[in-house]
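In the working numbering, the protein residues as written are -10 to 666. Glycine included, every Cβ here is placed at the ideal spot set by N, Cα and C.
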């Protein structure tokens, strides 16, 4: 910090070149009005009156610090070569107190308000440094003051991370660069910090170099069984509202699939014992989709519950569509079938960091309908890691475009994601989990989340609603503090909150070119790294996601379950329909409801990659073969169940006895045998 020569001594008030600019003519306690005169139309002194600048008002030995937020002349114009009187509106921010031993310190409170006629003058550089001094040793320099570029702009990083922070600003003002700078300073201040960046635009991969682990859809293995029921349903139902009946089925069958994976027996006593082990649909325990489908097929084959069979078939079709969709490869690959929770947590959350404390989680390649569920899983797991480690892991979750995940409208967004981020915002500081919010539309962000951020870096905001949200979210602030937020330059910000002593207008330091966030936008098309030509075949291949998921483990487990007869896998042969006509009608209805080849077809084992099962005819051909088998000739009238079949004549060869329909068999049985004991 350099101080201009002569700033320390106090000149005579009426000496030539003094610092006197005006006098106080009005004071309301929190604000004051200063009257000054531009002699002969000169602007050499009036240049020091500018919106957003600090001035000093002498009151006894102390000097009150005030912020200029408005100014105007007495008349409508400026008179050349004549004296022009103008008024300056200021907000009182604090005072530099001089103790008995001569020590000077800044205080946000005011012990003595300015009197009428008090002299207002340019603030000293030493006073300016005292105003923005946090009073703590472990501070980081992030830029320079806008008013005096010779003075460093410093923040207290532990205070910023302890109670969360937010960076708001419209597009193109430098939010991503500011995030990069702050995160580098945070890592330097706390080497044990682990940073998880939810990167929806894939722009932070180059911002941290060797310090970051980049995870994208090609390198991501996020097991589906880590998802809670609502998060898993968000994937299965493709972002649409789930069907309540199908949700109830999932809630019942997923715990059974998890117990089947653990190898628990299915006897009545053991089942009741296992139910006491607190395995629910939300427990992060592995299970196989093959077991879940087998349980669905088993329910389809039951005699009771015919009303839920359409929901069962619909749910089965949705599950098969999800596991056959190549875009969901990161959830249903062969690596997600085994219990890999330790490897997943260690890789995503960098425990241990191994010299890479930052994880940039690229969300651009993930299907839009499941981005919310993935963000929910990551934020929830980050909080649980901090909770169950008793604060042993210091975690920072940075949400870029946060208004997507926690919108202001409670009817929008994904509820589990909102709850996970809100839990970090409200309780994360108790367990060492911090939150960083970055958004260009604070008006569309949940105000509860923004109010939990104790440090806010407000960059240029042009929207009036966004400005009002910032004013309401900042405690003990007035409209004058942010009245000029719509006109500050790129790279500038007004910092509020716990990390700074007073609201500070500053300019962020420049980031090295090799550390700048890079998005694949139009502004980067002339860089050296941009290829001169592109391969359209690879682009189309990625658009179509022709690389199917590796579900060989799922395939083998499903085929093994089918071969051993553990559960009915086809849902046709063993289904206890009332008679053959009901069976045939069901097949015909399913054949009519079968999707077209362009859509996802119902699951069959021969659809799996590498399946060696014999070809099974389509539903229509199978229906015709069954009809020919059951009714080779003209249709006969329904047999009377009470009439005995005619006995063959003497010497006539008796035909093999043919069992009647299921209805006939049930009617022949005594009533006592049908009652479940």
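query                                                                                                                            : result
Exposed unless 16 or more other CB atoms sit within 10 angstroms - verdict on residue 526                                        : exposed
contact_flag[the segment 85 to 98, the segment 141 to 160] where n(CB pairs < 8 Å) is 3 or more                                  : no
Presumed contact (8 Å Cβ cut-off) between residue 497 and residue 132, rounded CB distance                                       : 4 Å
Residue 667 - containing beta strand (DSSP E), residue span                                                                      : Residue 667 cannot be examined here, being either before or after the span of the chain that is shown, -10 to 666.
Among 416, 361, 422, nearest to residue 392 - alpha-carbon criterion                                                             : 361
For residue 133: DSSP bridge partner residues                                                                                    : 141, 496
Supposed contact pair residue 109 and residue 82 - C-beta distance, whole angstroms, cut 8 Å                                     : Wrong, their Cβ atoms sit about 14 Å apart, outside the cutoff.
With 16 other Cβ atoms within 10 Å as the buried cut-off, status of residue 317                                                  : buried
Residue 181, buried or exposed, once every other Cβ within 10 Å from all chains shown has been counted against 16                : exposed
Separation of residue 236 from residue 373, as counted between CA atoms                                                          : 25 Å
Simplified DSSP state of residue 110, which is helix, strand or coil                                                             : strand
Integer Cβ distance of residue 206 from residue 490, believed to fall under 8 Å                                                  : Not confirmed; about 44 Å, so no contact.
Same chain only: Cβ atoms within 6 Å of residue 163, ignoring 5 sequence neighbours per side                                     : 479, 480
The segment 306 to 320 / the segment 160 to 175 touching (three or more Cβ pairs under 8 Å)                                      : no
DSSP three-state assignment for residue 190, whether helix, strand or coil                                                       : coil
Length of the line joining the Cα atoms of residue 287 and residue 279                                                           : 12 Å
For residue 127, the three-state DSSP class (helix, strand or coil)                                                              : coil
Range covered by the beta strand (DSSP E) that runs through residue 385                                                          : 384 to 389
Own chain partners of residue 420 with C-beta closer than 6 Å, once the 5 adjacent residues on each side are dropped             : 375, 376, 380
Same chain, Cβ closer than 6 Å to residue 669, five either side skipped, listed in chain order                                   : The question about residue 669 has no answer, for the chain in this structure spans -10 to 666.
Cα-Cα separation between residue 49 and residue 35, rounded to whole angstroms                                                   : 25 Å
Reference residue 454, options 475, 444, 20, closest by Cα                                                                       : 475
Residue 440 to residue 216 span [Cα, whole Å]                                                                                    : 29 Å
Residue 309 - DSSP class collapsed to helix/strand/coil                                                                          : helix
Beta-carbon contacts of residue 14 that lie in its chain and below 6 Å, excluding the five residues immediately before and after : 22, 24
Distance, residue 229 Cα to residue 426 Cα                                                                                       : 27 Å
Cutoff 8 Å; reference residue 276; Cβ partners in own chain excluding five residues on either side                               : 214, 243, 246, 247, 249, 250
Residue burial classification, residue 506 (beta-carbon count within 10 angstroms, cutoff 16)                                    : buried
The beta strand (DSSP E) enclosing residue 46, as first and last residue numbers                                                 : 43 to 48
8 Å Cβ cutoff met for residue 333 and residue 201                                                                                : no
Opening and closing residue of the beta strand (DSSP E) in which residue 96 lies                                                 : 93 to 96
Opening and closing residue of the alpha helix (DSSP H) in which residue 366 lies                                                : 357 to 377
Residue nearest to residue 20 in terms of C-alpha spacing, selected from 52, 61, 78                                              : 78
Close-in-space but distant-in-sequence residues of the same chain around residue 97 (CB under 8 Å, 5 per side omitted)           : 82, 83, 490, 491
Candidates 156, 226, 93, 218, of which the one nearest residue 431 by Cα                                                         : 156
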